[in-house]
Amino acid sequence: MPAPLTPEDVRLAVRAVVVHTAEEWPTGPLCRNDGASYPCRLHRWGRRVLEAHGLNERQIEALIRHGNPFVHVPFPFTATGPSRQQAARVVPQGVRPTAAGRPVTPPVTAPRWPRAS
280 MPAPLTPEDV RLAVRAVVVH TAEEWPTGPL CRNDGASYPC RLHRWGRRVL EAHGLNERQI
340 EALIRHGNPF VHVPFPFTAT GPSRQQAARV VPQGVRPTAA GRPVTPPVTA PRWPRAS
């Protein structure tokens, strides 16, 4: 049985799939970061981790298109449910499940930088 995923595993997997994307060359697609044949070892690892975390192919492709290697993926990821390898978490009746991650607080004041015209 593989070790359970940590938030750091997911963070590094997002970075791996975004940074190690395909770049077209005359010889075929190569990894944009290290020039290895695409998909390189780190890109494959990142996809495996994100799939185990519960993201589907469409969501992983959206992360790659977004292009930000530091985008936040919630832990645990519950949009499509737990992966087939993990059992669903049972919450006793009457207990409200809490949201994972840091709560997002709105800024106190509006930003003061000048607007582009």
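Numbering (the working numbering), first residue to last: 280 to 396.
The C-beta atom is built at its ideal place from N, Cα and C for all residues, glycine as well.
Fair warning: this is a prediction, and the values are worked out from it, not measured in the lab.
Nearest-angstrom beta carbon gap, residue j and residue i [assumed within contact, 8 angstroms]
i	j	result
residue 297	residue 335	Not a contact, Cβ separation roughly 17 angstroms.
residue 319	residue 299	5 angstroms
residue 342	residue 293	6 angstroms
residue 291	residue 331	Contact flag wrong, Cβ pair sits at about 13 angstroms.
Same chain, Cβ closer than 8 angstroms to residue i, neighbours up to 5 away in sequence not counted
i	result
residue 322	295, 296, 299, 300, 310
residue 337	none
Backbone CA spacing between residue i and residue j [nearest angstrom]
i	j	result
residue 329	residue 305	30 angstroms
residue 316	residue 325	16 angstroms
residue 353	residue 327	17 angstroms
residue 303	residue 282	35 angstroms
residue 339	residue 351	13 angstroms
residue 287	residue 314	25 angstroms
9 angstroms Cβ cutoff, residue i in contact with chain C
i	result
residue 308	The structure shown contains no chain C; it holds only a single protein chain.
CB contact flag (residue i, residue j, <9 angstroms)
i	j	result
residue 333	residue 308	no
Sequence-distant residues of its chain with Cβ nearer than 7 angstroms to residue i (five each side left out)
i	result
residue 312	298, 299
Cutoff 6 angstroms; reference residue i; Cβ partners in own chain excluding five residues on either side
i	result
residue 349	none
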